[in-house]
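Asker: Provided herewith is a single structure, encoded as structure tokens, for subsequent inquiry.
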Amino acid sequence: MNISGKPVDPRDYQDLYPFQSRFIDRGGLRYHYVDQGQGDPVVMVHGNPTWSFYFRHIIQALSGTHRTIAPDHMGCGLSDKPDDRQYNFSLESRVADFGALMDHLGLDRVTLMVHDWGGMIGMAWAVAHPQRVARLIVTNTAAFFPPGSKGIPLRLWLIRNLKHLSTPAVLYGNLFARGALYMAPHKRLSADVKRGLLAPYNSPQNRLATLRFVQDIPLLPGDPGFDIVDRTQRQLSGLRQRPMLILWGRHDFVFDLDYYQAWCRRFPDAENHLFDDAGHYLLEDVPERIASLIKDFLVRHPV
């Protein structure tokens, strides 16, 4: 089997993403990342169904003064696209991949920026290695179970649980990645941005990770990844002494204001900004303002 599925056409993303591709080997699979610029490292961890393309504005804004690093989770972006026999699409595997990259690059005292699933993956690594974390930037994500008595939105529940319906819809209809183009941002995306976000998910094989991410959401004891989430949320307080910047798009149907308020409660000293004109894809909605706030935050909290 071709582990990369259908080749991704660089013409679909290169104009907006002019970065050199780098890879590390993970058991015969290529794990892709961007590594631009020099200086204090800022590491950006994406969610589902995005990829490092989502951080392109921040990479461009910071790479003149900082080393900017953004991996693609296995099965996402420009990383290889394995099937279930070649890769275990689990939170444990995601955290291990990310940790392997951090070790490969020898990164210490990093600024960690997380979004969506990247929050759970990045924070699981961070609580296990607090001495390697200098600053935190949190954007529309979670590193804990749904706050209060919340469940997950019906659309996610259906994909997670009704596999006989969701599997063909996501793999063959590209339901998740294509639907996110309209549900995740608050403003309309341009055609070239849509092409860039969808570029890696151009065939059923290449969409498997987007499906497995939703099916892997841990909610109950016994679910794969439940213990990792439980351990991470209990250990988050160990990061309270790190400068934290919380940037949140108000119009997010998954990571809504309950999640934003949960972060603010857990990190009462964090600087927080709530954007009334942004949704889940806040880096698409208000990229210039986000970049400006991040630059200011990094200057005010030197490593």
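Those letters in the sequence shown? Residues -5 to 297, per the numbering used here, in order.
C-beta atoms are modelled at their ideal positions from N, C-alpha and C, and glycine is treated no differently.
For the beta strand (DSSP E) holding P65, just list the boundary residues, first then last.
Answerer: Residues R61 to P65.
Asker: Which one or two residues does DSSP pair with M38 in a beta bridge?
Answerer: For M38, which the question treats as bridged, DSSP gives the partners M107.
Asker: Who are the Cβ neighbours of Y253 in its own chain at under 7 Å, not counting the five residues just before and after it?
Answerer: Closer than 7 Å at the Cβ level, and outside the excluded window around Y253, lie A136 and P141.
Asker: Over the uninterrupted beta strand (DSSP E) stretch that includes L23, give me the two end residues.
Answerer: That run of the beta strand (DSSP E) goes L23 to Q30.
Asker: Can you give the beta carbon distance from A303 to D279, rounded, assuming they're within the 8 Å contact cut?
Answerer: Since the first and last residues shown for the chain are -5 and 297, residue 303 lies out of range.
Asker: Name the two residues that bound the continuous alpha helix (DSSP H) containing H180.
Answerer: Run containing H180: none; DSSP gives neither H nor E here.
Asker: In three-state terms, what does DSSP make of V2?
Answerer: It is coil, neither helix nor strand.
Asker: Which residues share a DSSP beta bridge with H267?
Answerer: H267 is bridged to L241.
Asker: Mind reading off the beta-carbon distance from I53 to F13? Whole number of angstroms is fine, and I expect it under 8 Å.
Answerer: Confirmed, about 7 Å.
Asker: For a test of the three-state rule: what should DSSP assign to I131, helix, strand or coil?
Answerer: Strand, per DSSP.
Asker: For a quick check, are the C-beta atoms of V223 and A118 less than 9 Å apart?
Answerer: Contact flag set, yes.
Asker: Which of the three DSSP states is assigned to R79 in this structure?
Answerer: Reduced to three states, the DSSP call for R79 is coil.
Asker: In this structure, does DSSP put M(-5) in helix, strand or coil?
Answerer: Confidence at M(-5) is low in this model, with a pLDDT of 34, below 50, so the placement of that residue is unreliable and no value is reported for it.
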